[in-house]
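Here the working numbering is used: the first residue of the sequence shown is 2, the next is one more, and so on.
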Amino acid sequence: LKLSRSRAAKFAAAGEVDHQGRSMVFSQAFRQMDGMPATRYRVPESTEKVYNVIFMGERSHDAGGPYRESWSQYAAELESSSLPCLIRTPNGRHAVGFNRDRWVLHPGNTSELHLRLLGFLGKLMGIAIRTKQYMALNLAPLMWELIGGEEPTVASLRGIDEMVVRSMDKIIQIENEGVTEEMFEYVVFETFTTLSTDDRAVELIPQGADCPVNFKNR
């Protein structure tokens with residue numbers, strides 16, 4: 002792989018997001034590797050290096066150091082605003098609850114290219130598992146549960162978005178606040194929508210934005 006860290010640094014310094022998948026080091030690797038047959042990624046578990054790295058303009062010789070550094074660079078870029086794949090948890094952005102330093106998949110970036118970038122991340126994770134290559138991704142527990150096919154729980158949701166769980170709990174147990182069915186419509190002004198982890202309004206049911214929450218359907 003020929004990777005330019007200076008190109009990635011200049012792009013990141015401009016404060017843009019690499020939606021085209023061309024400028025960051027992760028994106029450069031994606032452009033060079035993603036077209037390979039999937040069998041090329043299924044390396045033997047004894048493999049130490051899947052590729053050799055040349056950092057352009059740095060005169061680096063890959064005796065192992067540049068290879069490991071490329072993986073560190075991928076993780077650092079993924080956990081930044083320069084790539085469209087991950088986003089910090091709402092808890093982290095709002096400074097509440099647990100896992101403020103964790104990241105989740107970005108739910109709003111779902112173009113064909115975005116999904117290919119996520120697919121490439123999945124391939125790298127597979128390589129990391131097979132070759133025991135450390136990949137310093139600080140994903141929220143909920144992400145690992147979803148990857149493992151487990152059913153998400155309220156505790157998992159609280160681990161990424163404390164505020165939305167508090168809001169749900171307050172509505173569910175609102176009679177503890179002395180709010181009766183007759184009073185409910187004067188106190189709660191909600192519809193069947195929520196904020197996704199990237200702060201977009203999302204309908205929970207068809208036409209949820211037009212369906213008011215009342216005492217019986219809460």
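Glycine included, C-beta positions come from ideal geometry on N, C-alpha and C.
Under a 10 Å Cβ-count criterion, residue 128 is classified as buried, with 16 or more other Cβ atoms of the shown protein chains found around its own Cβ. Our two residues, residue 195 and residue 209, have alpha carbons roughly 10 Å apart in a direct line. Annotation note: the region 82-133 contains the following uninterrupted alpha helix (DSSP H) runs of length 4 or greater, listed N- to C-terminal: 91-95, 113-132.
Burial state of residue 19 is buried, judged by a 10 Å Cβ sphere holding 16 or more other Cβ atoms.
Residue 163 places its beta carbon less than 7 Å from that of residue 97. Note that the region 23-37 touches the region 7-15; at least 3 beta-carbon pairs, one per stretch, sit closer than 8 Å. Non-local beta-carbon contacts of residue 88 in its own chain, meaning distances under 7 Å to residues more than five positions away in sequence, involve 104, 105, 107, 198, 199 in chain order.
With 16 or more other Cβ atoms inside 10 Å of its own Cβ, residue 161 counts as buried. Taking 8 Å as the upper bound for CB-CB distance, residue 172 and residue 214 are in contact here, some 7 Å apart.
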